[in-house]
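Report on the structure given below.
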């Protein structure tokens, strides 16, 4: 059952688009409150559905690591909302250069990050981490996708939030604080868990909408999922 790569998604619909890429039958296995899909072949990857949000992501991924296997690399994928003004648009692919907890801190006269208040989120060996986790190999991921697909692929900071950015005031505030390219509800928790277990982390997402409004006209959720799944397979192919 050992696989080199684990593809992590939040929702069953995102998993469906990824699993369609299997060129064989698969075994479906319960993992805590999530579900894993193991291909019945020598394909070197499996898929894990965690459920939405930071808590589900961390619990289910940790349970997987402790009870199944620790892969060489976790690829977190799915849809995301993009911040306008960076050139990126709906239907484009985004690669995380770092993952940032966008909510963790103190809201007072201004927003104080975990580093501002000296509360680490992770202490490991000689390194102390606060809101942000760097993804140093992200440039090579982006270059590989640009070479292997005909898609527009952007790289930048991702933030992970519990409350999505659905009004202009919050959009401006988070833009000023973190200068993010995109946001999701799981990425930092998956990245954090991988850091804790010394697992390489990659994040590839498809833009389904812009942040700043919850008006869903123009959102392209299924198209973003389809393009993202194709990008993930382009990345993992030798």
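In the numbering used here, the protein residues as written are 64 to 301. All residues carry an ideal CB built from backbone N, CA and C; glycine is no exception.
Item                                                                                                   : Value
Alpha-carbon to alpha-carbon, residue 290 and residue 214                                              : 8 Å
Three-pair Cβ contact test at 8 Å for the segment 66-79 versus the segment 135-142                     : yes
Short Cβ contact (7 Å threshold) for residue 166 with residue 225                                      : yes
Counterpart residues of residue 318 in DSSP-defined beta bridges                                       : Absent from the structure is residue 318, since the part of the chain shown begins at 64 and ends at 301.
Stretch-stretch touch, CB-based, cutoff 8 Å, three pairs: the segment 143-150 with the segment 114-127 : no
Rounded straight-line distance, which links the Cα of residue 160 to that of residue 99                : 26 Å
Length of the line joining the Cα atoms of residue 170 and residue 164                                 : 14 Å
Residue 107 - DSSP class collapsed to helix/strand/coil                                                : coil
Three-state class that DSSP yields for residue 64 in the structure shown                               : In this prediction, residue 64 has a pLDDT of 49, which is less than 50 and means its spatial position is unreliable; nothing more can be read from the coordinates.
Through-space distance from residue 230 to residue 112, alpha-carbon basis                             : 29 Å
Residue 256 to residue 265 span [Cα, whole Å]                                                          : 12 Å
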